[in-house]
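For the sequence shown, the positions run 37 to 476 when the working numbering is used.
Just below is one structure, and these are the notes that go with it.
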Amino acid sequence: MSRRIWFAAALVCAGITWLVNMLPAVDAAPREPAQDGKVTGRTVWSGVYTDEQARRGRAEYLRACAPCHAEDLRGNGTAPSLVEESFSFLYSDTTVGELFGRIRTLMPSDRPNSLSSQSYRDIVAFILQSNNLPPGERELDVDPEALRQILITTKRSGPDPQAARVPEAQPVDRFVSVNGLRIHYLDWGATDKPPLIMLHGIGRVAHTFDHIAAHFNKNYHVMAIDMRGHGDSDWDPQGAYLVEDYVKDIEGFAAQLQLRNIVIWGNSTGGRVAQVFAGLHPDLVAAVISEDVGPERPREIAQGLTSRIPQEDEKGWASEDDLLAQLKAGNSRTSEEILRAYAHFGSRRRADGRVIWKRDPKIGNGFVPTELWRFVRQIKSPTIFVLGGRSTIVPAETQEQLRRTLPQVQIVTMPGLGHYPSEENSKDFLAIVDRFLAER
């Protein structure tokens, strides 16, 4: 069955006949075939837009198009999804010019072709970015004919098996489905190396590891996960965000990717998830790195975060730069580059244009007083706790109990640092972790 017939039938069943226009024209402008029958010329994998253009496109999309297609581009029952399988079905083997033409003709639904050509190009850039197609150094060409020479293909050309083994300087966005949720993770390649899983803290995202992840990808297959309710991973419809819920996702993740001999690293709540996973699955874990977090979460810490989340989500920030300014004011020991990545990848725009964190407001439901000693006692692998000297998260009495409970444990305190030592002094932190991994 052809693409047009199949999709039109589905739309008739749904009673949404106008959406048939979203389908690429059957008689698309011809492209020159190579001698072997394959299409020649640029593809969307060659970097045809810039990150800045996609950021503008995101803002324009949220303002003009999200009411119909939803903030995440997945449609809301009245419009087709513009990401993943739906995008591939609609636009694979067409051109950027055709995508541009369709978007301009049909969006916004109440006033099509009402935006500037630049705005439509920016929205196309955002759609390409949302489908994990890489950015480049130049923005989309203003010449429509040039756009019609750029082929949309959802598979990168070239020998995939070997490409997956090459360590990446920049991560690749990937997704797995576990426990009914679509979980996003960043993959730095080198799949033939032992896995290193990185888990962030509450309210943070996988990209907060960008500044250190590539350091390890010569020796490890580095993967940083957006935990449920965070970043580009799904929100749990029941608001299930206890440590045990995150652990179940990591169990499903490891099972799907058939991971063994895992080095599991977590900061803050991610560290607690790492501790529980290592205790439950000593046969899968080769080492544990826990950054400024122990097996206990005191009540006063839990209450502080749960009260802050609704306040931040209600107020928001006027712009990403305003959010960055607040982060800089509260994190003087962390570089602007790290904070800027956090502000960019960890935030989204509301329908009213205000910037808020990219997280489910219900994540605070799971930020409750916690005691995990029963799991920590079962850890068999080499384990290190790297603590900030200014932090009070793991007090002296907890450190002593860790030494009594885990004979193999190492505890290293970095003087003058706070809750995220890996961000505040990356160089010395990496030296500590390198030494630990070499000695284990």
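Just so it is clear, CB atoms sit at the ideal spot from N, CA and C, and this is done for glycine as well.
Residues sharing a beta bridge with residue i, DSSP
| i | result |
| --- | --- |
| P480 | Because the chain is modelled from 37 through 476, residue 480 falls outside the range shown and cannot be assessed. |
| N303 | E327 |
| S213 | R218 |
| L360 | DSSP lists no partner for L360. |
| S355 | BP columns for S355 are empty, so no partner. |
| G298 | The sequence shown places Ile at residue 298, not Gly. In DSSP, I298 forms a bridge with V321. |
| I392 | R384 |
| E407 | E332 |
| D223 | V208 and M259 |
| H266 | R395 |
Backbone CA spacing between residue i and residue j [nearest angstrom]
| i | j | result |
| --- | --- | --- |
| R369 | H251 | 21 Å |
| H247 | I374 | 7 Å |
| H243 | L453 | 21 Å |
| F162 | I261 | 22 Å |
| L183 | Q347 | 44 Å |
| R296 | P231 | 7 Å |
| R384 | V299 | 31 Å |
| E475 | E372 | 33 Å |
| D179 | I447 | 60 Å |
| V404 | S343 | 12 Å |
| Q292 | G382 | 26 Å |
| L98 | C104 | 10 Å |
| A90 | E356 | 14 Å |
| E175 | D87 | 9 Å |
| A95 | F123 | 20 Å |
| P144 | G267 | 26 Å |
| V258 | P443 | 28 Å |
| Q294 | F211 | 15 Å |
| H358 | A365 | Here residue 358 is Asp; the residue named in the question, His, does not match the sequence. Roughly 11 Å between the two C-alpha positions. |
| T227 | S150 | 47 Å |
| E134 | Q206 | 29 Å |
| A106 | P273 | 17 Å |
| P334 | A354 | 33 Å |
| D63 | E350 | Caution applies to D63, whose pLDDT of 38 falls short of 50 and renders its modelled position unreliable; the model cannot decide the point. |
| Q154 | K284 | 45 Å |
| F136 | R218 | 28 Å |
| L277 | E460 | Note that residue 277 corresponds to Tyr in the displayed sequence, not to Leu. Approximately 27 Å, taken between the alpha carbons. |
| S326 | S462 | 15 Å |
| A249 | L164 | 25 Å |
| N367 | L466 | 20 Å |
Own chain partners of residue i with C-beta closer than 8 Å, once the 5 adjacent residues on each side are dropped
| i | result |
| --- | --- |
| T441 | W409, V412 and R413 |
| V445 | T419, I420, F421, L438 and R439 |
| T189 | T79, V80, W81, S128 and D129 |
| V279 | T305, R308, V309, V312, G402, T406 and L408 |
| D470 | none |
| A102 | A387 |
Expected contact under 8 Å - CB spacing of residue i and residue j to nearest Å
| i | j | result |
| --- | --- | --- |
| G172 | V84 | 6 Å |
| P318 | K416 | 4 Å |
| I139 | Y127 | With a Cβ gap of about 10 Å, I139 and Y127 do not count as contacting. |
| L550 | M450 | This structure cannot settle anything about residue 550, because the visible part of the chain is limited to 37 through 476. |
| N303 | S458 | 7 Å |
| G93 | V160 | 7 Å |
| V324 | G352 | Contact flag wrong, Cβ pair sits at about 36 Å. |
| V241 | K394 | 7 Å |
| H220 | S269 | 5 Å |
Own chain, CB closer than 7 Å to residue i, minus 5 neighbours either side, in chain order
| i | result |
| --- | --- |
| G288 | V214 and N215 |
| L363 | L375, Y378 and A379 |
| G194 | Only weak support is given to the placement of G194: the predicted model assigns it a pLDDT of 46, under 50, and the value that follows is read from those uncertain coordinates. Counting only Cβ-Cβ distances below 7 Å, and skipping sequence neighbours, we find nothing. |
| H455 | S304, D328, G424, S427 and I429 |
| T434 | G330 and E332 |
| I468 | V422 and V448 |
| A314 | I300, V321, V324, I415 and S417 |
| D36 | Any answer about residue 36 is impossible in this case: the structure gives the chain only from 37 up to 476. |
| A290 | I298 and L320 |
| D177 | L183 |
| I238 | S304, T305, L341, I399 and F403 |
| A432 | none |
6 Å CB neighbourhood of residue i in its chain, flanking five on each side removed
| i | result |
| --- | --- |
| M263 | Y282 |
| D109 | A quick correction: the sequence has Leu, not Asp, at residue 109. Cβ neighbours of L109 beyond the five flanking positions: L118, V119 and S166. |
| Y256 | K229, P230 and L232 |
| W271 | G265 and D396 |
| K398 | G275 |
| M234 | F245, A260 and W301 |
| L169 | V80 |
| S152 | none |
| L316 | none |
| D158 | Q89, R92, G93 and E96 |
| I286 | F313 |
Heavy atom of the ligand ZN within 7 Å of residue i beta-carbon
| i | result |
| --- | --- |
| L98 | Although the ligand ZN was asked about, the structure shown includes no ligands whatsoever. |
Cβ of residue i within 8 Å of any chain B Cβ
| i | result |
| --- | --- |
| K463 | The structure shown contains no chain B, having only a single protein chain. |
Identify every run of the alpha helix (DSSP H) within the region 410-454, keeping only runs that are complete inside it and at least 4 residues long; order them along the chain. Listed in chain order, the complete alpha helix (DSSP H) runs (minimum 4 residues) inside the region 410-454 are 432-441.
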